[in-house]
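One structure is given here, and the rest of the page talks about it.
Now the structure itself:
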């Protein structure tokens, strides 16, 4: 996006004469100093009691671009005028200030406009003739979706190892990983992929960097000192960064929202604590982002970054909220208040219409679980029923696609360890009970208003549920303290396809297509046996990849499919035809690999044989020396001195079998 | 000793002792200033060597005694004593004809020390961490070194050429070369001090078999529930033994499939 002409706000006071008056009141600088001066407009107009504070804020913001040598705050009638002049030590610094601070939103009413002082002159003298502006060179990063075009449909994944010193990108081939890129110190802590897989984000002391394209060139850089957490908008248009270092009361810098394509800082926010990151939750289409503070829900819209309807929602006691992943609906819950019961509310955005409200009684806590398409919402309600001491759990299932959003309840007798929806279906899995009696139950939310318990497996070694992103298949895993027990389940008929183990596994990651699962032992949680293992979705182990101090593996997400529903139907119909072609391809590459391995082994054996022959030859030549050293006794073979051997026969009892003669 | 008449032992009680194997009688006692780490008879059985640890202000020494000269034993005066100032010797074996000793050091170095002059004849720096064990092939032409750097390496005894490397993910405490097959066996695990942080599951510690030419692992034997400290093949190659931190010595006889097994080539 190229901006060819900067516009400045139509404030009538910007007539050259008044400008010059203000300037002349100060001591005139050297002529070349003018190039280092910037004019900042839309600065708050304050009286003398707040002037010091204003100067501090301005100084804080603008000294980032260079050394401010002079500042001037013109006044009239005891108030500042609303525009100021800043002089930097060098013209390059002034340019940085214009580039980065122009458009900066200080608060609701003040968005800075920053211009070079010399530009005023320039713009006043613009000719009436239109001159085509010079085109900026196009920064070509190549095909940003290059990895999707892999002819063998291999997905990529990032691996951090050597305790964080090395980061590599691999292409997943069932035989062995193919290295795409490998760099030392690519990131200082960890990495994150953007939601559609376009960018790889790395962390550095000074901020974050985004990399992409075929060669993983640096696409963009965001300067945020001490950044520790980031979050992408689902549309990949924005990235949110958090740093615990940066915040002050006047200048919110703890959380910054950036425009990825332009690199611009869009808005800064305060942040009390990053305990529940992401603080800002995005709607699925990136149109809104929202956060919760005491008794308040603040919803902002993009691209303006301003509050929706210019005000936050007052929701007294609000405890938690989340967006539907499929629609612009927010679910939130508030606890009991005197005689008003606790309730869960579904609210449509931007209209703020309440679609559904559900009252709940004797509530201790609630957790919101959306199904990935937004078809269902499960509210896990922990309650203490009247007259009892214990806590029981209900699942309140909201059917989002049905009129008036009916709610069904599933009562659970035991404490809940984990809950997960089938990503694109209508099943959910629950781990409940207490070690060592942990049970895995599978439920189906049926169309006829019933929720059916399909199956329960008891005595499971599991504390986590991992559904395949395509649904149907899943892995029940006992991570960390449960020593890496794995169960591969097909939920179409609820069978255990395979039981396996990856000792001390700390993580399980499905590839985006649901074909492969990676289990890994991260150095961050266990200091030995650091490796990642690749399995098929059915539980067949394909690879064990040991990596020195392996830390983290993340699959690269895929962008949503471009195929229409009809096209997908057609492909599924012709699947047999495609299968034949793929199987042939697989067979060819398998035999090629075998042949390569066989050739390699043959060469190694030949080399080894040759070495052994030479060594044995020398050995034979030295026989006389050996005989001499041992006084003529030949010890070259075990049986060189048969006379030394004594043969002894020993009998010992093995087995006794009693056969009654009558049975013969 | 090659005819199993005598046994040589070295201990952290700061002594090296010579025994009659059949009667158990102690034939000689050599006091040292620090713990004896490793010892052995040369091919002829006439010369003994042992190394002492770097301890309590004393350096590491590699000492040589000629048993044909009783004066050396009586006076506790080795005919050759080589100081190792930097990295102490952690394991050592004799060369094929008694001309030199092959020593592995704390830092992964392997040196050939002449048994006559004490000078270093050859050096090899292939391992990056401490050498835990060195064992020779039955004909002494090659040896295998087991290292804390998670690998074992095969070397030619005379030239110290590095022939093969066998990679694992755990420190290797001991390795041995099969006398009849192109196989090596390795055992390892964590250092004794660190054992509590790893698995205490039954049988988690395994002896691992590698093909000597292909450097590929082809088999594992479970059973120990602590790190394996020592492995050895029977001289006839039909069985092997392993000793572990768990206090057990295990003896395994190979079944027929072991001898027929071949990796596709």
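Protein chains in written order, with UniProt numbering: chain R, 1 to 664; chain C, 1 to 265.
Here a beta-carbon is modelled for each residue, glycine too, at the ideal position from N, C-alpha and C.
Asked	Found
Under 7 Å from the C-beta of residue 529 of chain R: neighbouring residues of chain C	169
Pairwise C-alpha distance: residue 635 of chain R and residue 17 of chain C	25 Å
Residue 201 of chain C, DSSP secondary structure in three states	With a pLDDT of only 49 at residue 201 of chain C, under 50, the local geometry of the prediction cannot be trusted, and the value read off the model is given with reservation. Residue state, collapsed to three classes: coil.
Helix, strand or coil at residue 83 of chain C [DSSP, three-state]	strand
CB contact check: residue 141 of chain C to chain R, cutoff 7 Å	yes
Residue 370 of chain R, DSSP secondary structure in three states	strand
Nearest residue (CA-CA) to residue 319 of chain R, options R:363, R:557, R:505, R:88	R:363
Close Cβ partners of residue 452 of chain R (< 7 Å) along its chain, the five nearest in sequence each way excluded	443, 444, 446
Anticipated Cβ contact below 8 Å, residue 218 of chain C with residue 211 of chain C, distance rounded	6 Å
Contacts around residue 233 of chain R, its chain only, beta-carbon distance under 6 Å, and the 5 residues preceding and following it disregarded	282, 286
Distance CB(residue 482 of chain R)-CB(residue 488 of chain R) smaller than 7 Å	no
Any chain R beta carbon closer than 7 Å to residue 202 of chain C	Per-residue confidence for residue 202 of chain C stands at a pLDDT of 49, beneath the threshold of 50, marking its modelled position as unreliable; the derived number appears in the next sentence. No, its Cβ sits nowhere closer than 7 Å to a Cβ of chain R.
Exposed unless 16 or more other CB atoms sit within 10 angstroms - verdict on residue 256 of chain C	exposed
Amino acids of chain R, ordered along the chain, whose beta-carbon sits closer than 7 Å to that of residue 98 of chain C	629
Residue of R:338, R:161, R:207 minimising C-alpha distance to residue 523 of chain R	R:161
Limits of the beta strand (DSSP E) - the one that residue 69 of chain R falls within	68-72
Burial state of residue 422 of chain R, where buried means 16 or more other Cβ atoms lie within 10 Å	buried
Simplified DSSP assignment, three categories, for residue 333 of chain R	strand
Distance between beta carbons of residue 534 of chain R and residue 543 of chain R, contact taken as under 8 Å	4 Å
7 Å Cβ cutoff, residue 64 of chain C in contact with chain R	no
is_contact[residue 264 of chain C, chain R] using C-beta, thresh 7 Å	yes
7 Å Cβ cut-off: residues of chain C touching residue 635 of chain R	2
Helix, strand or coil at residue 565 of chain R according to DSSP, with G and I counted as helix	helix
Residue-chain proximity (residue 240 of chain C, chain R), Cβ-Cβ < 7 Å	no
Simplified DSSP state of residue 62 of chain R, which is helix, strand or coil	helix
Beta-carbon neighbours of residue 605 of chain R, restricted to chain C and to distances below 8 Å	213, 214, 265
4 or more residues per run - each alpha helix (DSSP H) lying fully within the segment 109-133 of chain R	117-124
Bridge-paired residues (DSSP) for residue 357 of chain R	R:345
Helix, strand or coil at residue 29 of chain R [DSSP, three-state]	In this prediction, residue 29 of chain R has a pLDDT of 46, which is less than 50 and means its spatial position is unreliable; what the coordinates show is noted afterwards. Of the three classes helix, strand and coil, the one that applies to residue 29 of chain R here is coil, per DSSP.
Reduced DSSP category for residue 465 of chain R - H, G, I as helix; E, B as strand; rest coil	strand
Contiguous alpha helix (DSSP H) assignments of at least 4 residues, all confined to the segment 42-95 of chain C	70-74
Distance between residue 340 of chain R and residue 570 of chain R (C-alpha atoms, nearest Å)	54 Å
Own chain residues within Cβ distance below 6 Å of residue 485 of chain R, not counting five before or after	461, 478, 501
Boundaries of the beta strand (DSSP E) in which residue 209 of chain R is found, first to last residue	207-212
N-terminal and C-terminal residue of the beta strand (DSSP E) that residue 544 of chain R is part of	541-546
Residue range of the unbroken beta strand (DSSP E) whose run includes residue 103 of chain C	100-105
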